[in-house]
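Colleague:
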Amino acid sequence: MSEASAVSEGSGLTLITEGEWAGWSRWIGDPFEERAGPFYDKELEDGSFISAFRAEERHMNGAGFMHGGCLMTFADSAIFTIARKAMGDSRGVTLHLTGDFLDPARVGQLIEARGEVVRAGGKTVFVQGIVTADGQPVLRFDGIIRKVSGTRA
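In the working numbering, the protein residues as written are 1459 to 1611.
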(Lines of atoms letter the chains of each structure in order from A and count residues from 1; the text may use other names and numbers.)
(Lines give C-alpha, C1' and ligand atoms only; values in the text may rest on other atoms or scores of the structure.)
Protein backbone atom coordinates (compact mmCIF):
# COMPACT_ATOMS: atom_id res chain seq x y z
CA MET A 1 0.00 0.00 0.00
CA SER A 2 1.41 3.38 -0.96
CA GLU A 3 1.53 6.33 1.41
CA ALA A 4 -1.23 7.97 -0.61
CA SER A 5 -3.57 5.16 0.37
CA ALA A 6 -2.36 5.29 3.96
CA VAL A 7 -3.58 8.87 4.55
CA SER A 8 -7.15 10.01 4.76
CA GLU A 9 -8.75 12.22 2.13
CA GLY A 10 -9.21 15.93 2.60
CA SER A 11 -7.15 18.73 4.05
CA GLY A 12 -5.42 19.13 7.39
CA LEU A 13 -3.15 17.21 9.70
CA THR A 14 -3.32 13.56 8.69
CA LEU A 15 -1.85 10.53 10.46
CA ILE A 16 0.37 8.24 8.37
CA THR A 17 -0.40 4.60 9.13
CA GLU A 18 2.14 2.68 7.03
CA GLY A 19 5.70 2.74 5.75
CA GLU A 20 8.75 4.61 7.03
CA TRP A 21 6.58 7.43 8.41
CA ALA A 22 3.96 5.32 10.23
CA GLY A 23 3.01 7.13 13.43
CA TRP A 24 3.97 10.53 12.03
CA SER A 25 1.52 13.13 10.70
CA ARG A 26 1.59 15.14 7.51
CA TRP A 27 -0.18 18.37 6.64
CA ILE A 28 -2.36 17.75 3.57
CA GLY A 29 -3.67 20.74 1.67
CA ASP A 30 -0.63 23.00 1.20
CA PRO A 31 0.22 22.56 -2.50
CA PHE A 32 3.71 24.07 -2.23
CA GLU A 33 4.76 21.94 0.76
CA GLU A 34 3.35 18.84 -0.89
CA ARG A 35 5.62 19.48 -3.92
CA ALA A 36 8.64 20.48 -1.83
CA GLY A 37 8.31 17.70 0.76
CA PRO A 38 6.49 15.83 1.85
CA PHE A 39 7.33 16.92 5.40
CA TYR A 40 6.27 14.89 8.43
CA ASP A 41 5.90 15.72 12.10
CA LYS A 42 5.05 14.20 15.45
CA GLU A 43 4.74 15.12 19.07
CA LEU A 44 7.41 13.66 21.34
CA GLU A 45 6.86 12.33 24.84
CA ASP A 46 8.10 15.59 26.38
CA GLY A 47 5.39 17.54 24.50
CA SER A 48 7.76 19.08 21.95
CA PHE A 49 7.41 18.54 18.21
CA ILE A 50 9.79 17.28 15.55
CA SER A 51 9.55 17.65 11.76
CA ALA A 52 11.36 15.40 9.30
CA PHE A 53 11.74 14.21 5.74
CA ARG A 54 14.09 11.99 3.75
CA ALA A 55 16.49 13.85 1.41
CA GLU A 56 15.92 12.89 -2.22
CA GLU A 57 17.78 13.67 -5.44
CA ARG A 58 15.11 16.25 -6.32
CA HIS A 59 16.04 18.25 -3.18
CA MET A 60 19.67 18.70 -4.29
CA ASN A 61 21.40 21.58 -6.06
CA GLY A 62 23.83 21.32 -8.99
CA ALA A 63 26.72 20.49 -6.64
CA GLY A 64 24.86 17.47 -5.25
CA PHE A 65 24.03 18.98 -1.85
CA MET A 66 20.60 19.93 -0.55
CA HIS A 67 19.45 23.20 -2.04
CA GLY A 68 19.36 26.05 0.48
CA GLY A 69 15.86 26.93 -0.65
CA CYS A 70 14.72 23.41 0.25
CA LEU A 71 16.21 23.73 3.74
CA MET A 72 14.56 27.12 4.25
CA THR A 73 11.21 25.81 2.98
CA PHE A 74 11.50 22.96 5.48
CA ALA A 75 12.41 25.42 8.28
CA ASP A 76 9.40 27.56 7.31
CA SER A 77 7.16 24.53 7.64
CA ALA A 78 8.85 23.45 10.88
CA ILE A 79 8.25 26.76 12.68
CA PHE A 80 4.51 26.07 12.45
CA THR A 81 4.96 22.52 13.76
CA ILE A 82 7.15 23.75 16.64
CA ALA A 83 4.60 26.49 17.44
CA ARG A 84 1.53 24.23 17.14
CA LYS A 85 0.47 24.58 20.78
CA ALA A 86 1.15 28.33 20.87
CA MET A 87 -0.93 28.75 17.70
CA GLY A 88 -3.97 26.93 19.07
CA ASP A 89 -6.72 27.07 16.44
CA SER A 90 -5.23 30.16 14.75
CA ARG A 91 -3.91 30.31 11.25
CA GLY A 92 -0.68 32.14 10.65
CA VAL A 93 1.78 33.53 8.16
CA THR A 94 5.53 33.73 8.34
CA LEU A 95 6.44 37.29 9.24
CA HIS A 96 10.21 36.70 9.35
CA LEU A 97 12.54 33.75 8.77
CA THR A 98 16.33 33.69 8.93
CA GLY A 99 18.77 30.84 8.68
CA ASP A 100 22.45 30.14 9.06
CA PHE A 101 23.72 27.31 6.86
CA LEU A 102 26.14 25.16 8.83
CA ASP A 103 26.95 22.10 6.68
CA PRO A 104 25.63 20.37 3.54
CA ALA A 105 22.95 17.70 3.54
CA ARG A 106 23.05 14.79 1.09
CA VAL A 107 20.73 12.36 -0.66
CA GLY A 108 19.35 9.67 1.63
CA GLN A 109 19.92 11.52 4.89
CA LEU A 110 17.17 11.91 7.47
CA ILE A 111 16.50 15.64 7.77
CA GLU A 112 14.98 16.69 11.11
CA ALA A 113 13.97 20.02 12.66
CA ARG A 114 13.58 20.63 16.37
CA GLY A 115 13.14 23.85 18.23
CA GLU A 116 11.25 25.87 20.76
CA VAL A 117 8.87 28.74 21.10
CA VAL A 118 10.94 31.58 22.53
CA ARG A 119 7.96 33.86 23.14
CA ALA A 120 4.28 33.80 22.30
CA GLY A 121 1.83 36.54 23.04
CA GLY A 122 -1.04 38.19 21.30
CA LYS A 123 -0.68 37.69 17.57
CA THR A 124 3.06 36.98 17.40
CA VAL A 125 5.01 33.75 18.02
CA PHE A 126 8.82 33.66 18.04
CA VAL A 127 10.50 30.32 17.26
CA GLN A 128 14.11 29.13 17.09
CA GLY A 129 15.48 25.79 16.03
CA ILE A 130 18.00 23.59 14.32
CA VAL A 131 17.82 21.33 11.27
CA THR A 132 20.01 18.24 11.28
CA ALA A 133 20.99 15.68 8.63
CA ASP A 134 21.52 12.25 10.20
CA GLY A 135 22.01 14.07 13.50
CA GLN A 136 24.57 16.62 12.25
CA PRO A 137 23.53 20.32 12.32
CA VAL A 138 22.99 21.79 8.84
CA LEU A 139 20.82 24.89 9.47
CA ARG A 140 20.08 27.10 12.45
CA PHE A 141 16.89 29.16 12.09
CA ASP A 142 14.75 31.82 13.74
CA GLY A 143 11.20 32.57 12.70
CA ILE A 144 8.34 34.86 13.61
CA ILE A 145 4.75 33.82 12.95
CA ARG A 146 1.92 36.32 12.79
CA LYS A 147 -1.49 34.92 13.70
CA VAL A 148 -4.15 35.91 11.21
CA SER A 149 -7.92 35.64 11.28
CA GLY A 150 -10.16 34.38 8.57
CA THR A 151 -10.05 31.38 6.29
CA ARG A 152 -8.50 30.62 2.96
CA ALA A 153 -10.43 32.07 0.01
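Heads up, the beta-carbon is just placed ideally off N, CA and C, and yes, glycines get one too.
So who's on the other strand from I1588, going by DSSP bridges?
Modeller: R1572 and R1598.
Colleague: Please tell me whether A1494 and Q1567 are closer than 7 Å, where the distance is taken between their beta carbons.
Modeller: No, Cβ-Cβ distance for A1494 and Q1567 is not below 7 Å.
Colleague: Give the straight-line distance between the Cα atoms of M1524 and T1531, rounded to the nearest whole angstrom.
Modeller: Rounded to the nearest angstrom, the two C-alpha atoms are 12 Å apart.
Colleague: Whose C-alpha, out of H1517, A1544, C1528 and L1560, is nearest the C-alpha of G1593?
Modeller: Checked all of H1517, A1544, C1528 and L1560; the closest Cα to G1593 is L1560.
Colleague: Using a Cβ-Cβ cut-off of 6 Å (strictly less than) and excluding sequence neighbours within five positions of F1584, which residues of its own chain qualify?
Modeller: Only V1576, R1577 and I1602 meet the Cβ criterion.
Colleague: Are the Cβ atoms of D1600 and T1556 separated by less than 7 Å?
Modeller: Yes, the Cβ-Cβ distance between D1600 and T1556 is below 7 Å.
Colleague: Ignore the nearest five residues each way along the sequence and tell me which others in A1480's own chain have a CB closer than 7 Å to its CB.
Modeller: Excluding residues within five positions, the ones whose Cβ falls inside 7 Å are I1474.
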